[in-house]
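Okay, so here's the structure we're looking at.
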């Protein structure tokens, strides 16, 4: 298996622009997670899905952030409009079983908003 | 505040030495996991220990869990330069994993 795939790996955009991050989970995994990692706040869970349904989005910082999972093999995290404080590394992870199981992380998308 | 907090924040040792990292948490947990993150990469799962377990081994890794003290430790024996990375504990509480801030381990050859 190729593991969790994320694209793009790096994204540089200007403030106010829309940013879309993409994730392909490991086939057969029914949980998908989006995390954000910064030096100041560490690794934060933004939202997670179970069987394509959003279960907990309490970590989504603002209405500017939205996430979708239209099918079992694809998810997007969108920021519109982007702001400099959104600059971070965004990780997607997937797991099978329950939330308690080990999670498999993608390589991350490094987002820089200028 | 963070559910899991690692100690120390940074650790520098020589190759061949053992490395011990600690994690403290606040609430009751179902399990505790340790992950490794190499610079610029995603996290990699190392080991999971359930709340009813006290110790677990995996290769050069040894994890202990003391639920009465709400703490865990990760021991890496006979460290190698390739073990240089950040190590995070993650606790399962309230239906999701909460990660600590991590311990940055540097193993010098």
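Residue numbers (our numbering), protein chains in the order written: chain A, 1 to 114; chain Y, 1001 to 1109. For every residue, glycine included, the Cβ atom is placed at its ideal position computed from N, Cα and C. Computed from a predicted structure; not experimentally measured.
| query | result |
| --- | --- |
| What distance in whole Å lies between the Cβ atoms of residue 104(A) and residue 93(A), which are believed to be in contact at a cut-off of 8 Å? | 6 Å |
| Just how far apart, CA to CA, sit residue 43(A) and residue 1101(Y)? | 7 Å |
| For residue 1075(Y) and residue 1018(Y), which I take to be in contact (beta-carbon distance under 8 Å), what is that distance rounded to the nearest angstrom? | 6 Å |
| Which one of 102(A), 106(A) and 96(A) has the shortest CA to CA distance from residue 28(A)? | 96(A) |
| Does the distance from the CB of residue 78(A) to the CB of residue 19(A) come in under 8 Å? | yes |
| List the residues of chain A whose Cβ lies closer than 8 Å to the Cβ of residue 1052(Y), in chain order. | Chain A residues near residue 1052(Y): none, gap ~13 Å exceeds 8 Å. |
| If you draw a straight line from the alpha carbon of residue 83(A) to that of residue 17(A), how long is it in whole angstroms? | 8 Å |
| Among the residues of its own chain, which have a CB less than 6 Å from the CB of residue 1012(Y), if the five just before and after it don't count? | 1106 |
| In angstroms with no decimal places, state the Cα-to-Cα distance between residue 15(A) and residue 112(A). | 9 Å |
| In angstroms with no decimal places, state the Cα-to-Cα distance between residue 106(A) and residue 9(A). | 10 Å |
| Which residues does DSSP pair with residue 47(A) in a beta bridge? | 34(A) |
| Starting from residue 1079(Y), follow its DSSP beta bridges and name the residues at the other end. | Its beta-bridge partners do not exist; DSSP assigns none. |
| If distances are taken between C-alpha atoms only, which option among 1103(Y), 1032(Y) and 1047(Y) comes closest to residue 1067(Y)? | 1032(Y) |
| By DSSP, does residue 86(A) sit in helix, in strand, or in coil? | helix |
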